[in-house]
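Numbering (our numbering), first residue to last: 204 to 340. Right, one structure below, let's go through it.
Okay, here's the thing in C-alpha cells:
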C-alpha cells in the first residue's frame, strides 16, 4: 500500500548534563526551528524542565512572528528541552493541537499520523492503555 508523501511537523530535542540556552537553535541559527515555521505555520510549543518540574508553553500562532516564541526561546536554560512547530494535516490550528503535551512530569511530542488506521485496531490498542489515560487518545 502506498501513501502520499506529506510534509511533517518539525521537532527539536535537547538533552545535556548542564543547563544550556537554546535560543540559537530555536531562533538564530540558519536552520532554527522558528525559521522552519515558515513552512510549518500552524502552531508551536516549547517544553523544558526547571529543577525537575516541566514547563510548557504552546501557541497556535506562527512561531517566527510570535513575540511569545521569541521571549520563551530567549529565557529557556535547561538540561532538557523539547520544541515543536506544527504543519497541520489533521485538526484545526488550536493550542489543543500544539505539541509538546504534558502528563504529570512527562512531556512528549509525536510526528505524523496513521492514515487509514482501522477502527478495530484502534479499539484493541486503546484496550491496552490504562483507563485513566484513555481520554487523552
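A virtual CB, placed ideally from N, CA and C, is assigned to each residue, including glycine.
(Q) For the structure I just gave you, are there three or more beta carbon pairs, one from the segment 258 to 266 and one from the segment 288 to 301, closer than 8 Å? (A) Flag = yes, the segment 258 to 266 and the segment 288 to 301 touch.
Q | For residue 281 and residue 222, believed in contact at Cβ under 8 Å, the rounded distance | A | 6 Å
Q. Start and end of the alpha helix (DSSP H) containing residue 181?
A. A query on residue 181 cannot be resolved here, the shown segment of the chain reaching from 204 to 340 and no further.
Q. Who are the near neighbours of residue 228 in its chain, counting only those whose CB is closer than 8 Å to its CB and skipping five residues on each side?
A. 215, 217, 235, 236
Q.
The beta strand (DSSP E) that contains residue 224, what's its start and end?
A. 213 to 224
Q. Cβ atoms of residue 213 and residue 243: under 8 Å apart, would you say?
A. yes
Q. In whole angstroms, what is the alpha-carbon distance linking residue 293 and residue 309?
A. 24 Å
(Q) Whole angstroms are fine: how far does the CA of residue 286 sit from the CA of residue 322? (A) So the two alpha carbons sit approximately 31 Å from each other.
(Q) Taking the alpha carbon of residue 379 as the reference point, which residue from 272, 284, 340 has its own alpha carbon closest? (A) Here the chain has residues from 204 to 340 only, and residue 379 is not among them.
Q: Report the rounded CA-to-CA distance for residue 318 versus residue 334, giving the unit in angstroms.
A: 25 Å
(Q) Between which two residues does the alpha helix (DSSP H) holding residue 323 run? (A) In the DSSP annotation of this structure, the continuous segment of the alpha helix (DSSP H) that includes residue 323 starts and ends at 322 to 330.
Q) Could you give the residue range of the alpha helix (DSSP H) that holds residue 237? A) 236 to 239
Q. Who are the Cβ neighbours of residue 265 in its own chain at under 7 Å, not counting the five residues just before and after it?
A. 240, 244
Q: Find the nearest neighbour of residue 339 within the set 320, 306, 256, judged by alpha-carbon distance.
A: 306
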